[in-house]
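Read in numbering that gives the first Met the number 0, the sequence shown has 603 at position 604, and its numbers run on one by one without any break. Glycine included, every Cβ here is placed at the ideal spot set by N, Cα and C. Have a look at the structure below, then the notes.
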Amino acid sequence: MKEVKEQILALRKALHDHNYRYYVLDEPTISDYEFDQSLRKLADLEKQYPEYHDPNSPTLRVGGRVTKDFPTVDHEFPMYSLDNAYSPQELLDWEKRVQKGLGTDEVSYTCELKYDGASISLTYDHGVLERAVTRGDGTQGDEVTQNIRTIPTVPLELRRDFKERFAIRGEIILPIEGFNKMNEQRIAKGEEPYRNPRNTASGSLKLQDSSLVAARPLQCFLYQIIANRTLFSTQIESLQAAHNLGFHVPEHHTLASTIEDVIRFITHWDKERKNLPYEIDGVVVKVNDIAQQDELGYTSKSPRWAIAYKFKAESTFATLVSVQFQVGRTGAITPVAILNPIVLGGTVVKRASLHNADQIEKLDLYYGDSVAIEKGGEIIPKITSVESSKRSTDAKKVHYITHCPDCKTELVRMAGEADHYCPNHDGCATQIIGRIQHFISRKAMNVYGLGNETIELLYHQGLLMSYADLYTLTYDQLIPLERMADKSVQNILDAIDQSKTVPFERVLFGLGIRYVGQTVAKKLALSFGSIDALAKANLDTLTQVDEIGIRIAESVVEFFASLSNIQIIDRLKMYGLQLESQLNKFEPVSNKLDGQSFVISGVFSSHSRDEIKTLVEDHGGKVSSSLSSKTSFLLAGDNMGPKKRIKANDLGIVIIDETTFLSMISA
Ligand code: AMP
Ligand code: ZN
Numbered sequence: 000m001k002e003v004k005e006q007i008l009a010l011r012k013a014l015h016d017h018n019y020r021y022y023v024l025d026e027p028t029i030s031d032y033e034f035d036q037s038l039r040k041l042a043d044l045e046k047q048y049p050e051y052h053d054p055n056s057p058t059l060r061v062g063g064r065v066t067k068d069f070p071t072v073d074h075e076f077p078m079y080s081l082d083n084a085y086s087p088q089e090l091l092d093w094e095k096r097v098q099k100g101l102g103t104d105e106v107s108y109t110c111e112l113k114y115d116g117a118s119i120s121l122t123y124d125h126g127v128l129e130r131a132v133t134r135g136d137g138t139q140g141d142e143v144t145q146n147i148r149t150i151p152t153v154p155l156e157l158r159r160d161f162k163e164r165f166a167i168r169g170e171i172i173l174p175i176e177g178f179n180k181m182n183e184q185r186i187a188k189g190e191e192p193y194r195n196p197r198n199t200a201s202g203s204l205k206l207q208d209s210s211l212v213a214a215r216p217l218q219c220f221l222y223q224i225i226a227n228r229t230l231f232s233t234q235i236e237s238l239q240a241a242h243n244l245g246f247h248v249p250e251h252h253t254l255a256s257t258i259e260d261v262i263r264f265i266t267h268w269d270k271e272r273k274n275l276p277y278e279i280d281g282v283v284v285k286v287n288d289i290a291q292q293d294e295l296g297y298t299s300k301s302p303r304w305a306i307a308y309k310f311k312a313e314s315t316f317a318t319l320v321s322v323q324f325q326v327g328r329t330g331a332i333t334p335v336a337i338l339n340p341i342v343l344g345g346t347v348v349k350r351a352s353l354h355n356a357d358q359i360e361k362l363d364l365y366y367g368d369s370v371a372i373e374k375g376g377e378i379i380p381k382i383t384s385v386e387s388s389k390r391s392t393d394a395k396k397v398h399y400i401t402h403c404p405d406c407k408t409e410l411v412r413m414a415g416e417a418d419h420y421c422p423n424h425d426g427c428a429t430q431i432i433g434r435i436q437h438f439i440s441r442k443a444m445n446v447y448g449l450g451n452e453t454i455e456l457l458y459h460q461g462l463l464m465s466y467a468d469l470y471t472l473t474y475d476q477l478i479p480l481e482r483m484a485d486k487s488v489q490n491i492l493d494a495i496d497q498s499k500t501v502p503f504e505r506v507l508f509g510l511g512i513r514y515v516g517q518t519v520a521k522k523l524a525l526s527f528g529s530i531d532a533l534a535k536a537n538l539d540t541l542t543q544v545d546e547i548g549i550r551i552a553e554s555v556v557e558f559f560a561s562l563s564n565i566q567i568i569d570r571l572k573m574y575g576l577q578l579e580s581q582l583n584k585f586e587p588v589s590n591k592l593d594g595q596s597f598v599i600s601g602v603f604s605s606h607s608r609d610e611i612k613t614l615v616e617d618h619g620g621k622v623s624s625s626l627s628s629k630t631s632f633l634l635a636g637d638n639m640g641p642k643k644r645i646k647a648n649d650l651g652i653v654i655i656d657e658t659t660f661l662s663m664i665s666a
């Protein structure tokens, strides 16, 4: 027994170490494959010997735990905000206050990049991560430890022997490349893209399913250690110590002995920040000497010994060529400014968002106007002002459209809402096509093989007027279409057939009810259990559900009040789609998977890995953690490593996805 324990501890230590080399140092010393192998081995042992459970084991990085709510807890040490400076002059004023407060001008400063993300406070005790808390109001925040554990740059165990209890403060960020990838996927699925990396990073901390957090490429930079006694004499020294303990500390920091050096650092990064892989919104300047920090102390809101120098958002001027009014699948109209292409922050900009009618009115926009555009955190820049003095006398004012650019129906605007809608739900081609595209998208019914263009084509041929029509499509209707062959048509028909096993919560998401995204759909499926019960729900019963607000409730009621929606749903029922939830119910145990052994890998869209595992076992199958010649199926979710796929192929193991798996047990 002692041997097993030692083996587990050794594996954990080695894996923590490799994780650190890979993510923090960016210098891996073993291959991904070897890493995976060790991780599997550890997971196997931990499963076999649950008595050695450790909440900080590297096997728990992949997430899988679900947190229902995040308790509000007190910060042991308050988390302050920072005072801001917007110009060198304000920085010089701050320096004067610091020197006056200390009675000396012998002050040196550290300059760190100001990461634009979500603040976090991590507490370590006896060298292990104990809890992670968001800033909240500074005195209390939300405990999000499970989710933070999945972020690879957060050490679960310190790399040096350091027993003392301390908190370390830092910022969780989402690098730009990862953010863009997430948005590409969302756009492909017909979902609203996320607005900016910062909000997405802070939103991630509150996701209930930690495996979804694990799937996001979040990083963490940590910059301040706080304990009951003074541990270091300077900020620079504490950054070095934090680095030695295994923390990812702010890159590109420097020690400046004069405020002129500070300004040079700021000027440099204001230009260079466009080349960083993540967003920063300024530079944080701190008095380096901790004794001086203590002497200066805090105001009620912020430390006197630090200041955040905020960069101006990047901006430039462009000419407004036209305004495009786009119709979304829910009928919402989005106005977009079409500009003469200009370069802003290193990329060519041709479009800018105009948000809504009020925004256009406020800007007092005319065609041909020279407009100031600014790139904040958003993916597409926005127009901040108009140079009306440069406007020619015969310029034409931009009026918000009154009718749908597609179906010409008069637009409506609900009281209290910013957006206009085309109410022609059942007759507006753009909306209908968009809805079908959304219905078949991967996170909904996952009918792969049917591309957006084919949907459009089928619609225009009158073969696909609603998503219910998918289930009556025939071989003869599809085969004459461009680029279709026997095989591809068969695949499409199979995929459509397969989609009948997609669980209710995903069908509900696929219906495209305004404001009902994946999470809301899951909640509704769980609370109401079936489409019939949901269709009968009223505003009261809906808003009683946790996190379902009046806006969502109204949208649901409106959806089911439409006769055409009810008719479509009746047809979906007839075709055998899953319109009742299996989420709550106890799965009828079967022997459908008798004698089959499964390896489960990656992240799944409608179940956590543990739920999948339970499903396999409930139906008589076995789950093992590594691939071997005895494995029957590799059940692959998202983000499965390529090595695993290769190995499965080598061994001739059948690789299946979640939908296929669910159909195996439900058929
Ligand atoms: P603000 O939210 O604009 O008041 O700015 C204060 C916040 O900046 C802090 O709460 C931190 O979350 C964040 N921040 C980002 N980078 C740093 C850094 N290097 N040092 C201190 N604070 C930082
Ligand atoms: Zn329309």
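Reduced DSSP secondary structure (H/G/I, E/B, other) of residue i
i, result
"leucine 571", "helix"
"aspartate 136", "coil"
"leucine 661", "helix"
"lysine 621", "strand"
"phenylalanine 161", "coil"
"lysine 584", "With a pLDDT of only 48 at lysine 584, under 50, the local geometry of the prediction cannot be trusted, and the value read off the model is given with reservation. In the structure shown, lysine 584 sits in coil (DSSP, three-state: anything other than H, G, I, E or B)."
"valine 261", "helix"
"threonine 318", "strand"
"phenylalanine 558", "helix"
"lysine 4", "helix"
"alanine 84", "strand"
"tyrosine 79", "coil"
"glycine 448", "coil"
"isoleucine 495", "helix"
"phenylalanine 603", "coil"
"histidine 247", "coil"
Strand pairing of residue i, partner residues [DSSP]
i, result
"alanine 331", "Tyr420"
"glycine 281", "Lys113, Lys309"
"glycine 667", "With the chain covering only 0 through 666, there is no way to say anything about residue 667."
"valine 347", "Val342"
"tyrosine 365", "Lys396"
"serine 529", "Glu579"
"valine 72", "Gly140"
"aspartate 124", "Val127"
"glutamate 156", "Val127"
"proline 302", "Tyr297"
"phenylalanine 324", "Pro334"
"serine 352", "Val335, Lys381"
C-beta contact flag for residue i and residue j at 8 Å
i, j, result
"alanine 635", "isoleucine 654", "yes"
"isoleucine 341", "valine 335", "no"
"threonine 71", "glutamine 139", "yes"
"serine 465", "threonine 383", "no"
"aspartate 418", "isoleucine 332", "yes"
"valine 385", "aspartate 368", "yes"
"threonine 133", "isoleucine 119", "yes"
"glutamate 183", "asparagine 55", "no"
"serine 631", "phenylalanine 597", "yes"
"serine 30", "leucine 10", "no"
"glutamate 170", "phenylalanine 220", "yes"
"valine 143", "leucine 101", "no"
Extent of the continuous beta strand (DSSP E) run through residue i
i, result
"glutamate 373", "369-374"
"alanine 255", "253-255"
"threonine 383", "381-385"
"isoleucine 645", "Premise fails: isoleucine 645 lies in the alpha helix (DSSP H), 641-650, not in any beta strand (DSSP E)."
"alanine 635", "632-635"
"valine 653", "653-655"
beta-carbon residue i near the ligand NAP non-hydrogen atom, thresh 7 Å
i, result
"proline 249", "No copy of the ligand NAP occurs in the structure displayed; its ligands are the ligand AMP and the ligand ZN alone."
Residue interval of the alpha helix (DSSP H) (run including residue i)
i, result
"isoleucine 435", "428-438"
"valine 598", "Note, valine 598: premise wrong, no alpha helix (DSSP H); beta strand (DSSP E) at 596-600."
"isoleucine 235", "234-244"
"glycine 177", "175-187"
"alanine 214", "That residue, alanine 214, is in no alpha helix (DSSP H); it is neither H nor E in DSSP."
Report task. Output the residues surrounding the ligand ZN, defined as those with a CB atom closer than 7 Å to any ligand heavy atom, in chain order. Result -> If you measure from each CB to the nearest heavy atom of the ligand ZN, the residues under 7 Å come out as Val326, Gly330, Cys403, Asp405, Cys406, Thr408, Cys421, Asn423, Cys427, Thr429, Gln430.
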